[in-house]
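**Student:**
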Amino acid sequence: MELDDVVPEPQYVTRQARTIAAPPSVVWEELHRLKMTSLPVSLVFSAARFLPVLLAGKGRGASAHRPFLELVPIPVLSSEPPSSVVFGGVLQAWRLSGGEQPPALDAEGVRTWSEPGWVNLAMDFRLTPTDGGTTLSSETRVVAPDPATRRRFAAYWLVVGPGSTAIRWELLTAVEVRAEARARSAA
Numbered sequence: 095m096e097l098d099d100v101v102p103e104p105q106y107v108t109r110q111a112r113t114i115a116a117p118p119s120v121v122w123e124e125l126h127r128l129k130m131t132s133l134p135v136s137l138v139f140s141a142a143r144f145l146p147v148l149l150a151g152k153g154r155g156a157s158a159h160r161p162f163l164e165l166v167p168i169p170v171l172s173s174e175p176p177s178s179v180v181f182g183g184v185l186q187a188w189r190l191s192g193g194e195q196p197p198a199l200d201a202e203g204v205r206t207w208s209e210p211g212w213v214n215l216a217m218d219f220r221l222t223p224t225d226g227g228t229t230l231s232s233e234t235r236v237v238a239p240d241p242a243t244r245r246r247f248a249a250y251w252l253v254v255g256p257g258s259t260a261i262r263w264e265l266l267t268a269v270e271v272r273a274e275a276r277a278r279s280a281a
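Those letters in the sequence shown? Residues 95 to 281, per the working numbering, in order.
(1) Are P161 and L221 close, meaning C-beta to C-beta below 9 angstroms?
(2) Look at R127 and L230 and say whether their C-beta atoms are less than 9 angstroms apart.
(3) Specify, as a first and last residue, the run of the alpha helix (DSSP H) that S119 falls within.
(4) For the stretch 223-239 against the stretch 101-111, are there 3 or more C-beta pairs whose distance is under 8 angstroms?
(5) Determine the direct distance from the alpha carbon of L97 to that of Q110, and round the result to whole angstroms.
(6) Enumerate in chain order the residues of its own chain whose CB-to-CB distance from L145 is below 7 angstroms, with the five nearest sequence positions on each side excluded.
(7) Taking the alpha carbon of A273 as the reference point, which residue from A280, I168, G203 and V120 has its own alpha carbon closest?
(8) Grab me the residues of A248's own chain with a C-beta within less than 7 angstroms of its C-beta, minus the 5 sequence neighbours each way, in chain order.
(9) What is the rounded straight-line gap between the Cα of K129 and the Cα of H159?
(10) Quickly, what does DSSP pair L185 with across the bridge? List them, please.
As structure tokens, then:
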């Protein structure tokens, strides 16, 4: 599955990538093993963002001891080991309490959702074999279907966008360090 299958014409896009000196299978395993407790910057930003959600009595069951990918606030739509994992859904991320419970949607449902007050969101992690390693990339795409939601999300993204980018860079770096250490020890 490609991000174009979920959010083909995004209004907001962030992309990060890292070339890692390890085979895709090792990078895939480390990406899926990495826990939030191993990501101090991500832990701080996530705690600050989700404190109001927890205080509102939502978000129970989230644990920093679980793998990072299990804590992504939108569901997995496709997983093709060791090549890609695609997440997608609709959110009201700017609402301090986390917003309403989103509907469960497949890729087509996310792509065609146009209810005001929600943003359509897709995110992936892709592993591409390269000479001597793997390029691990991540892309996030967001579209807001109406002007009022676009304004709300723009204000939200102005505040959290840099933190979201920092979280992704920290994640990619941690996977790189762990996967390269495993590849060296196996050599």
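We treat Cβ as the ideally placed atom computed from N, Cα and C, and that holds for glycine.
**Tutor:** So, from the data block:
(1) no
(2) no
(3) P118 to R127
(4) yes
(5) 15 angstroms
(6) Confidence at L145 is low in this model, with a pLDDT of 47, below 50, so the placement of that residue should be treated as unreliable; the coordinate-derived value is given next. Contacts found: none.
(7) V120
(8) none
(9) 6 angstroms
(10) V213
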